[in-house]
């Protein structure tokens, strides 16, 4: 923030121009890193080599990467480096706890349901699970005598994602991405004007 503040007050560029340029400049890096990760992990885990599934999985992973980067920008605009490193994990913990992996929505008290609906990791988990196990995936191979999750729908039912919607997950991630990015911009703008 000190470097941005100095350059902004020297009238080299506006905060809006800097923020848009930074956001656009990060897209190729995120694309390259995420797609490289996906190509390696998707095939190493033995998932079906269907372009449709790989495309859905790639889309959800890219959305999650951009949302997580937006959260990182928000934390970085709120705190200095030392405090950001300390408080960053505290910001991610509620999203992780209410993602549906540790606590299912059906097991939580109704007062806490709203926390599930604002967790970007819930939508990430839903999107990834639907991309891999949804859309009429055939029976999975099993070398054992008994395999409990040989049917993908059985797995989705077990993790409360049988009724989940992929499009809803993508839209929710898009909204959360927008909220994080806009919030980070306004926090930065506020801190620069007040020199906090």
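In this note's numbering, the protein residues as written are 8 to 203. Ideal Cβ placement from N, Cα and C applies to all residues, glycine included.
Quick check: the Cα distance between residue i and residue j, rounded to an integer number of angstroms?
{"i": "residue 46", "j": "residue 119", "result": "36 angstroms"}
{"i": "residue 194", "j": "residue 81", "result": "8 angstroms"}
{"i": "residue 58", "j": "residue 64", "result": "10 angstroms"}
{"i": "residue 154", "j": "residue 148", "result": "9 angstroms"}
{"i": "residue 122", "j": "residue 102", "result": "8 angstroms"}
{"i": "residue 178", "j": "residue 90", "result": "32 angstroms"}
{"i": "residue 133", "j": "residue 142", "result": "13 angstroms"}
According to the neighbour-count rule (16 or more other Cβ atoms, all chains shown, within 10 Å of its Cβ), is residue i buried or exposed?
{"i": "residue 39", "result": "exposed"}
{"i": "residue 73", "result": "buried"}
{"i": "residue 77", "result": "buried"}
Which residue marks the beginning of the alpha helix (DSSP H) containing residue i, and which one marks its end?
{"i": "residue 133", "result": "127-140"}
{"i": "residue 170", "result": "Residue 170 -> no alpha helix (DSSP H), and no H or E assigned at all."}
{"i": "residue 116", "result": "Note, residue 116: premise wrong, no alpha helix (DSSP H); not H, not E."}
{"i": "residue 69", "result": "58-85"}
{"i": "residue 108", "result": "Careful: residue 108 lies outside any alpha helix (DSSP H) and carries neither H nor E."}
{"i": "residue 6", "result": "The requested residue 6 does not occur in the structure, where the chain is confined to residues 8 to 203."}
Three-pair Cβ contact test at 8 angstroms for the stretch 152-165 versus the stretch 42-56: no
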